[in-house]
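Inspection log for the structure reproduced underneath, given as structure tokens.
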Amino acid sequence: MPARRARYRGRMGATTQEWSRLPVGRSAIRHDVLLAAVLAAGLAVTVTLYGASGTYGDQQAPWWVSALMIVANAVPVAFRRVVPMTALVAAALAFSGTALLHVPELLLVNFTLFIPLYTVGAWCSDRVRAEAVRWVVIGGMFAWLFLALAFGWAVPSVLPNDDGALIPPVIAYSLLNVLINVIYFGAAWYAGNRAWAAAVSRRELDLRTTELAAERERSAAQAVTIERVRIARELHDVVAHHVALMGVQAGAARRVLDRDQEQASVSLGVVEENARTAVAELRRMLGTLRADDTARPDRGADGDGTASVDAPSTEGTARIVEVVEAARSAGHPTRYSVVGDERPVPPTVGAVAFRIVQEAVTNVLKHAGAGAAADVRVRYLPEALEVEVTDDGRGNGGHAARCGLGQVGMRERVAAVGGTIEIGPRARGGYLVRAWLPTD
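Position 232 of the sequence shown, counting from 1, maps to 249 under the working numbering, and the rest follow consecutively.
Right, dumping it as structure tokens:
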């Protein structure tokens with residue numbers, strides 16, 4: 018599949034060189050800037066409160082140093098999706114500087130480091146560099162932690178030494194700090210990788226969706242082409258009959274023109290009538306065959322877009338009763354009624370009516386459920402022939418299965434004679450196919 022060019026390896030540590038979540042749009046950048054501003058305001062409040070509580074006592078940093086560190090901690094968040102790896106390194110340095118310079122802030126700086134660390138895992142497509150940068154930052158933080166703990170152990174008066182405790186306070190304090198940092202950095206690492214894996218899954222789903230949509234378009238175009246070839250064959254069958262008859266009658270009129278003018282007149286009348294019929298059939302069908310694909314018909318029941326039974330193209334309304342009898346013999350109670358006075362219809366209209374009933378009844382047999390009842394009606398209207406096939410829908414859920422490629426044939430055939438068709442579930446249950454076919 019050519020559209021899928023991105024290469025993925027694994028889920029948590031997938032690597033891709035041809036797809037990236039970055040760069041992001043202006044809206045995402047605005048959100049990051051807003052988040053940084055909110056964190057800066059929160060840092061200003063917490064620094065003031067920690068300072069008032071005397072966190073570092075006499076060693077507390079001057080106010081202007083605290084102000085600089087507030088900015089240094091907040092700015093990387095604003096650029097976390099513009100330059101994620103640089104933002105992470107800057108956030109780590111600002112985090113360390115806040116502690117080394119005794120800036121009174123112990124709460125929100127954890128968020129200003131966590132967010133860039135998460136972002137590198139969630140947004141960077143170069144997974145090797147992303148893992149390397151995160152390992153360097155996390156390794157540096159743990160080295161600093163162990164160094165601080167080592168200095169703490171060198172000062173016996175820092176924590177009380179209770180010889181009767183199950184775990185000495187110094188050891189408990191050290192293990193607690195290590196555990197907190199493992200949870201902290203582990204959560205940032207895991208959350209970032211999961212976010213990246215989710216983005217990769219969405220990307221693959223989008224690619225598959227695009228490919229499936231393109232395949233549906235190709236299938237629909239192929240179905241239309243196949244059906245138009247079939248219509249062209251029926252056009253040949255119908256029109257060739259009239260043209261052949263015209264040739265025979267014209268020849269007969271030429272041979273008896275001098276001896277029997279009355280018979281010649283009758284033959285020429287037949288030629289005239291068939292010529293008009295042939296022209297009418299050509300006008301109905303060639304308009305559709307020459308039209309561009311400005312609209313795709315819906316997909317129907319059969320996978321190949323053709324009628325279920327390859328009946329001869331000259332089939333007409335007289336054989337609809339055979340389809341009804343076939344449905345009855347298959348165990349489906351099927352009623353057949355004719356409304357109005359029966360009259361001859363153009364051959365193409367009769368063929369289309371037969372094929373519509375044939376396809377609709379076949380769908381009842383396939384999808385309406387065992388023993389489903391069907392109703393076939395043929396109405397002779399003043400200027401049209403209407404065929405209708407309904408079922409009682411005992412299949413319960415079979416309607417969705419009818420939306421295959423078989424409806425392509427029905428819609429194309431009806432459009433070829435200038436008619437209209439209605440296909441779909443009925444409000445009271447079951448399924449409806451109703452076609453209106455002009456006869457004049």
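Quick reminder that beta carbons are idealized off the backbone N, C-alpha and C, glycines included.
Grouping DSSP H, G and I as helix and E and B as strand, with all else coil, what is residue i?
i      : result
Glu439 : strand
Asp392 : strand
Arg276 : coil
Arg247 : helix
Trp453 : strand
Thr365 : helix
Val92  : helix
Glu403 : strand
Tyr207 : helix
Tyr201 : helix
Lys383 : helix
Asp143 : coil
Tyr190 : helix
Asp223 : helix
Asp75  : helix
What is the rounded straight-line gap between the Cα of residue i and the Cα of residue j?
i      : j      : result
Arg336 : Phe371 : 7 Å
Arg345 : Ala377 : 14 Å
Gly157 : Ser218 : 32 Å
Ala297 : Ala401 : 15 Å
Arg220 : Thr227 : 11 Å
Tyr135 : Ala147 : 10 Å
Ala149 : Pro121 : 31 Å
Tyr448 : Gln239 : 26 Å
Thr242 : Ser236 : 10 Å
Asp460 : Thr65  : Since the first and last residues shown for the chain are 18 and 457, residue 460 lies out of range.
Ile438 : Asn210 : 53 Å
Ala107 : Val187 : 32 Å
Pro455 : Ser37  : 57 Å
Ala205 : Glu232 : 41 Å
Gln280 : Ala267 : 11 Å
Ala14  : Arg47  : Summary: the structure shown does not reach residue 14, with the chain confined to residues 18 through 457, and so no result is reported for it.
Val356 : Tyr397 : 6 Å
Gly436 : Gly348 : 32 Å
Asn413 : Ala432 : Caution applies to Asn413, whose pLDDT of 48 falls short of 50 and renders its modelled position unreliable; the value that the coordinates give is listed next. Approximately 31 Å between the Cα atoms of the pair.
Val460 : Gly333 : Given a span of 18 to 457 for the chain in the structure shown, any question on residue 460 remains unanswerable.
Arg245 : Val404 : 22 Å
Ala318 : Gln424 : Low confidence applies here, because Ala318 scores a pLDDT of 39, under 50, leaving its location unreliable; read the following figure in that light. One C-alpha to the other measures close to 6 Å.
Phe202 : Ala208 : 10 Å
Val92  : Pro185 : 41 Å
Val366 : Ala444 : 29 Å
Trp140 : Val126 : 21 Å
Ala216 : Thr103 : 22 Å
Tell me where the alpha helix (DSSP H) around residue i begins and ends.
i      : result
Glu339 : 337 to 346
Thr103 : 101 to 117
Asp49  : 43 to 69
Gly138 : 126 to 140
Can you tell me which of the options puts its alpha carbon nearest to the alpha carbon of residue i?
i      : options                        : result
Glu342 : Ala390, Ala78, Arg43           : Ala390
Leu193 : Leu123, Ala205, Phe163         : Phe163
Leu124 : Leu39, Val260, Ile440, Tyr67   : Tyr67
Val88  : Leu52, Ala214, Gln76           : Leu52
Ser354 : Val393, Ala108, Ala385, Val366 : Val393
Gly441 : Pro364, Asp408, Asp457         : Asp408
Trp161 : Val137, Val145, Leu110, Ala204 : Leu110
Val338 : Val395, Val431, Val287, Leu285 : Val395
Leu118 : Val431, Pro40, Gln76           : Gln76
Ser44  : Ser83, Asn90, Arg430, Val99    : Val99
Pro133 : Leu105, Glu359, Val126         : Leu105
Arg428 : Met86, Val374, Arg443          : Val374
Asn291 : Pro363, Asp358, Arg247         : Pro363
Thr379 : Glu359, Val340, Gly410         : Val340
Leu56  : Ser284, His384, Leu224, Thr129 : Thr129
Gly59  : Asp457, Met86, Val406, Arg430  : Met86
Phe131 : Gly386, Ala84, Val406, Pro101  : Pro101
Residue range of the beta strand (DSSP E) that residue i falls in?
i      : result
Ala444 : No beta strand (DSSP E) contains Ala444, which DSSP labels as neither H nor E.
Val356 : 351 to 356
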